[in-house]
Amino acid sequence: MYNIDDIKHFKKMCSDISILMLDDEVIITDAYSDVASRFFNSIDISNNPAEVLKAYTSTKYDIIYTDINMPGINGVELIKEIKKINPKQKFIVISASDESDKLLDLLALNVSGFIVKPFNLQKFIDISMDQVSIILQSRIMKKELLTVTKEKEEQQKMLIQQSKLAQTGEMISMISHQWRQPLSSITTVIAGLKTRLQLGLYEQKENPLEAMTNDFTKAFDKIETSAKFLSKTINDFRNFYRPNKEKSFFNVCSAIENVFEMIQVTSHDITTNIECIDIDGASITSYEGELKQVFMSIINNAIDALKEKSIKNKKISIFIVVKENNIDVSIIDNAGGIPNEIMENIFLPYFSTKNEKNGTGLGLHMAKTIIEQHLQGSLSARNSQEFQGAEFLITIPKNLTQG
C-alpha cells in the first residue's frame, strides 16, 4: 500500500504527463477517469478506437491506457497501427484474465505494462509510476542532450570565428608580402624621376621634352603594371575569402595552382612539384573556396615547418589521383615529419606544433571540419619515409550530393 507521501509524490510526477483512457464502454472509462484524475492534469477519454487512430499524432499522449476487446478495431490492432506512426508510444493495456491469448502479440508490440481487471487504485499506481518515471527521465536526458548539442554548436561557432580572425591575419601577411615588390618598384620609379628633375638632367638633353616624355611614359607603364598587380592581388584574396554557399564545377589541379600563386611559394626558396596525370578528370562539383582554404592551410603549415627546421633543399610535392567517384590529393613536404607522440592530436582545436607567436592551433582542425563535414570527404596525416616529411591525404567526392 502507498502512504500519503507516496501518493503526493506520484501526483507531482504526473503533473505534466498527458494520457488517454480508451474503452468502448462509457461506464468503464468514467471509472478509469475518476482514478486517473487524482494524479494527471491532462486526460482525454474515448470510447471509439477508430476515432483515436484517425486523430492520433506522435506528440499527443505520453501514455495510452486501452482495453483489448473493442468493436471495429481491437486493442492489438490499434496498438499495431499507432506504433507504425510512433514506435515509441507507450501503452498500458487493461485486460481481463481470460484475454491471455493476446499476451504474446502485445509483448511483440513492446507494450509498456499491463493492468489486470478489476481496475483499482493500487494496480494503477504500481504500473503507471514506472512508466511515468521512464518518461520523465527521458525528458531530462533529451534536455541535457540539447544543452550539450547547443554548447558544441556555440563552441564550433567560436572556433570558426577565431579561425576567420587567424585567416585574416594570414591574408594581411600574404598581401603585404606580395605587395612589397610592386610597391618598391613604384617607389623606385618615382624616386628616379624626381632625382632627374631635381638635378636638371632633362635640361642637359638635346631635346628635353622628348627625353622627359620617354622617361615618363616608361615610368607610367611600370607604375600601371605594378598597380594592376596590386589590384589583382586584392581581388584574388577577396574572392578567395568571400563566403560562397553555391557549389560550382571546377578543376582541383587549377585550384591548387591558384593557391600556390597566391601564397607565392617559390618566393620562400621552396621547390614545388604538382603531378596531376588526368587534368580533365580532376574536375569536381563542390565548394571551391572552402577546398582552397584547406589547401592554403596545409601548404602554409608546410612552409612554416620548412622554415623553422632550416631545411636546405625545401620542397613541397602534391599528387592528384583521379578515381571513379573520388579524387585523392596528397600534400607532402620534406621538413622531417610530425613527431609520432603528437600525430593523433594535430587535428584537435587549439593544438599547435608552432610556437605561441605563430600558431593558433585552429588551421588543421578547421581544415578537417571543412573536408569531413562540409565536403563529405576525409582528411588524415602520416609521415612519408620516401620524402622525409609530413603527408596530408585528402579524399573528396567528385560530386557533392548535399549541402
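The opening residue of the sequence shown carries number 1 in full-length UniProt numbering; numbering runs sequentially from there.
Think of the CB as a built atom: it goes at the ideal place given N, C-alpha and C, for glycine as much as any other residue.
Same chain, Cβ closer than 7 Å to residue i, neighbours up to 5 away in sequence not counted
| i | result |
| --- | --- |
| A211 | Y202, K205 |
| A367 | V294, S297, I298, L379 |
| S286 | K247, L375, I396, L400 |
| T57 | none |
| F40 | C14, I17, I19 |
| P71 | D24 |
| E290 | I370, H374, L375 |
Residue i in three-state terms, based on DSSP
| i | result |
| --- | --- |
| E275 | strand |
| M21 | strand |
| K308 | It should be pointed out that residue 308 corresponds to Glu in this sequence rather than to Lys. E308 falls in the helix class under three-state DSSP. |
| D269 | coil |
| F216 | helix |
| Q156 | helix |
| S286 | strand |
| G359 | Low confidence applies to G359: its pLDDT is 48, below 50, so where it sits in the model is not reliable, and the reading given next is rough at best. Residue state, collapsed to three classes: coil. |
| F347 | coil |
| T66 | strand |
| L110 | For the record, residue 110 in the displayed sequence is Asn; it is not Leu. N110: coil per DSSP, three-state reduction. |
| L230 | helix |
| N301 | helix |
| I115 | strand |
| K205 | coil |
| P182 | helix |
| F124 | helix |
| L291 | helix |
| T401 | coil |
| K60 | coil |
| G336 | coil |
| D16 | helix |
| Q162 | helix |
| Q264 | coil |
| G281 | helix |
Extent of the continuous alpha helix (DSSP H) to which residue i belongs
| i | result |
| --- | --- |
| Y32 | 26 to 36 |
| T369 | 363 to 369 |
| K247 | K247 -> no alpha helix (DSSP H), and no H or E assigned at all. |
| K8 | 4 to 13 |
| V52 | 49 to 55 |
| residue 422 | No information on residue 422 is available, as it lies outside the stretch 1 to 403 that the chain covers here. |
Residue i and residue j closer than 8 Å at C-beta
| i | j | result |
| --- | --- | --- |
| L22 | D62 | no |
| S378 | I370 | no |
| N235 | I263 | no |
| I270 | K312 | no |
| T233 | I175 | yes |
| C400 | K247 | The sequence shown places Leu at residue 400, rather than the Cys named in the question. A contact, by the Cβ cut-off of 8 Å. |
| S37 | L20 | no |
| K398 | N325 | yes |
| A302 | I346 | no |
| V189 | K228 | no |
| L393 | S330 | yes |
| L193 | D215 | yes |
| F250 | S226 | no |
| L145 | W179 | no |
| L53 | I82 | yes |
| F10 | M129 | yes |
6 Å Cβ shell around residue i - same chain, five flanking residues per side excluded
| i | result |
| --- | --- |
| S317 | N273, I332 |
| V321 | D328 |
| P118 | none |
| G363 | S297 |
| Q388 | N334 |
| I79 | F91, L109 |
| E356 | In this prediction, E356 scores a pLDDT of 46, lower than 50, which makes its location untrustworthy; no coordinate-derived value is stated. |
| D105 | V76 |
| N48 | none |
| E224 | none |
Cβ neighbours of residue i in the same chain (closer than 8 Å, five flanking residues each side left out)
| i | result |
| --- | --- |
| I115 | Y65, I92, V93, I94, S95, K123, F124, I127 |
| I338 | I346, T353, A381, N383, A390 |
Near the ligand SAH: residue i beta-carbon under 7 Å from a heavy atom
| i | result |
| --- | --- |
| T395 | Of ligands this structure carries none, so the ligand SAH is not represented either. |
First through last residue of the beta strand (DSSP E) which encompasses residue i
| i | result |
| --- | --- |
| D333 | 326 to 333 |
| F319 | 315 to 322 |
| I394 | 389 to 397 |
| D44 | 42 to 46 |
| I94 | 90 to 95 |
| L379 | 378 to 384 |
Cutoff 8 Å: residue i Cβ touching any chain C Cβ
| i | result |
| --- | --- |
| L121 | In summary, chain C is missing from the structure at hand, where a single protein chain is found. |
inquiry  = So, does the segment 103 to 119 touch the segment 138 to 146, judging by three or more C-beta pairs under 8 Å?
reply    = Flag = no, the segment 103 to 119 and the segment 138 to 146 do not touch.
request  = Assess, as a yes-or-no matter, whether the segment 302 to 312 is touched by the segment 278 to 287 under the definition of 3 or more beta carbon pairs within less than 8 Å.
outcome  = The answer is no - the segment 302 to 312 does not touch the segment 278 to 287, with fewer than three Cβ pairs under 8 Å.
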